[in-house]
Amino acid sequence: MISQDGGLRAWLVILGVSVLLFGYVNSWGVFQAYYEENTLKEYSPSTIAWIGSVQYAFVLLPALFSGRLFDLGIFKLPFLAASIVVVVCTILVGQCTQYWHFFLCQGVGIGIGCGMWFRRRRGLAMGITALGSSVGGTIFPIAAQNLIPKVGLPWTMRILGFILLFALVIPNLTLERRLPPRNVSGGLFNLAVFKNPAFSTYAVAVITGFLGLYTVLTYIDLSALAIGVSQDMAFYLVAIANASSGLGRIMAGLMADKVGAINFIAPTTLLAGALSFAWPFAKTEYALIVIAVLYGFTCGAFVSGLLLPVFELGDVADAGRRTGMIMTVGAAGALCGIPISGAINKATGGFEVVGYYAGSITVVSVIFMLITRHLVLGRLWGKF
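Each residue of the sequence shown is one higher than the one before, counting from 1 in full-length UniProt numbering.
Structural data, given as structure tokens:
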């Protein structure tokens, strides 16, 4: 048993989750730009974006299974297997030469492996664990950007694979359950939770949020290249956004404990929508840096806090399965959002309409968050 509010064992678990959430998939924007300019330049941005969107989606999709396994007390062996898959597929990406190679290794393989990195956590602990994603999301883009010109893609992916191998040893040694396993009736799915209007409404908020939120992170470096920003600086924008997201993740954890998760992530997500509208009109390097910093903060708050309301929408014994279901729903948004943005970019030849799309769908997500709060509390304002 792990202490709920502290103790060495509990903090070792948080350390382990922080490392496993090391932000590898958050570096996709660097690979999107590299593939468009080099390995897959004969393919459209939308087609290439399917690799990243499948990767994002599979990070969420296996939560339906891993959440149920977690409730049953089965998670160490699947986690070890997932760690091996991530490392092997990362190294294999360096050997890919065809589109379908990248799709299977980087999209499906790495996505599924990362998707088994599933844990539940609350408040500040959730913010701290999610901070690991910000740290890794800063390191990996910088490493990839500097290594590819020097040693080529194959050795770059081998080096990244060895970094992941070292990092994943820690959570494999430290992760433990706090509560004993419970076999809650109902199998893999608990469709009865969708009879709860608040849960169903929040599911819509999550899917629409993922439809819009990865657009800026994926295309900000490409939009920078389009206005003449140097290639080095354009790629660093992804790292800047991921670094800034760390503050958003910590703040979401702190503020969720104080004012409620929705009360913090709704306004920050609304700001993300406003920044999506503004992003295409940032025509200087400094303006794009400001967008990257602010957007990283807001996006970090969303991904760190989005699961916290789910814990309050049902019994704690069913939290793993319920959270897995909401993440699986969110996977549909993560799968479709980036390719939709890429298709809009191809059709219009610019990023203005892409920004309108991403901003609008993000605002829709905020509206459904506020409706969820009203359904839970029975009033327009209160802690939730």
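Positions of the beta carbon are idealized from the N, C-alpha and C atoms, including for glycine.
Spatial neighbours of residue i in its chain, beta-carbon cut-off 7 Å, leaving aside the 5 residues before and after
i: residue 210; result: 330, 333, 334 and 337
i: residue 283; result: 227
i: residue 95; result: 154
i: residue 157; result: 90, 91, 93 and 94
Exposure of residue i, with buried meaning 16 or more beta-carbon neighbours within 10 Å
i: residue 192; result: exposed
i: residue 310; result: buried
i: residue 244; result: buried
i: residue 97; result: exposed
i: residue 36; result: buried
i: residue 380; result: exposed
i: residue 206; result: buried
i: residue 246; result: buried
i: residue 242; result: buried
i: residue 138; result: buried
i: residue 378; result: exposed
i: residue 148; result: buried
i: residue 348; result: exposed
i: residue 152; result: exposed
Helix, strand or coil at residue i [DSSP, three-state]
i: residue 43; result: coil
i: residue 363; result: helix
i: residue 118; result: Unreliable positioning characterises residue 118 in this predicted model, as indicated by a pLDDT of 43, which lies under 50. The coordinate reading is nonetheless provided below. Reduced to three states, the DSSP call for residue 118 is coil.
i: residue 313; result: coil
i: residue 61; result: coil
i: residue 381; result: coil
i: residue 258; result: helix
i: residue 96; result: coil
i: residue 351; result: coil
i: residue 146; result: helix
i: residue 389; result: As shown, the chain starts at 1 and ends at 384. That puts residue 389 outside it, with no answer to give.
i: residue 38; result: coil
i: residue 307; result: coil
i: residue 345; result: helix
i: residue 172; result: helix
From the options, residue whose alpha carbon lies closest to that of residue i
i: residue 30; options: 324, 357 and 237; result: 237
i: residue 166; options: 201, 282, 99 and 86; result: 86
i: residue 291; options: 164, 239 and 38; result: 239
i: residue 351; options: 216, 250 and 172; result: 216
i: residue 296; options: 346, 262, 342 and 218; result: 218
i: residue 264; options: 304, 275 and 161; result: 304
i: residue 81; options: 369, 149 and 172; result: 172
i: residue 322; options: 144, 79 and 190; result: 190
i: residue 259; options: 373, 156, 93 and 358; result: 373
i: residue 88; options: 315, 104 and 76; result: 104
Residues near residue i in its chain [Cβ-Cβ closer than 6 Å; skip 5 each side]
i: residue 366; result: 266, 269 and 270
i: residue 354; result: 341, 344 and 345
i: residue 261; result: 305, 308 and 309
i: residue 221; result: 29, 33, 234, 235, 237 and 238
i: residue 368; result: 201, 204 and 205
i: residue 196; result: none
Own chain partners of residue i with C-beta closer than 8 Å, once the 5 adjacent residues on each side are dropped
i: residue 123; result: The pLDDT assigned to residue 123 is 46, lower than 50, so where the model puts this residue is not dependable, and the model offers no usable value.
i: residue 224; result: 233, 234, 237, 285 and 288
Distance cut-off 7 Å: residue i Cβ against heavy atoms of the ligand HEM
i: residue 91; result: The model depicted lacks the ligand HEM and carries no ligand whatsoever.
Could you tell me which uninterrupted alpha helix (DSSP H) segments, each at least 4 residues in length, are contained entirely in the segment 257 to 300, listed from first to last along the chain? 261 to 278
Any alpha helix (DSSP H) of 4 or more consecutive residues that is wholly inside the segment 213 to 263: 231 to 259
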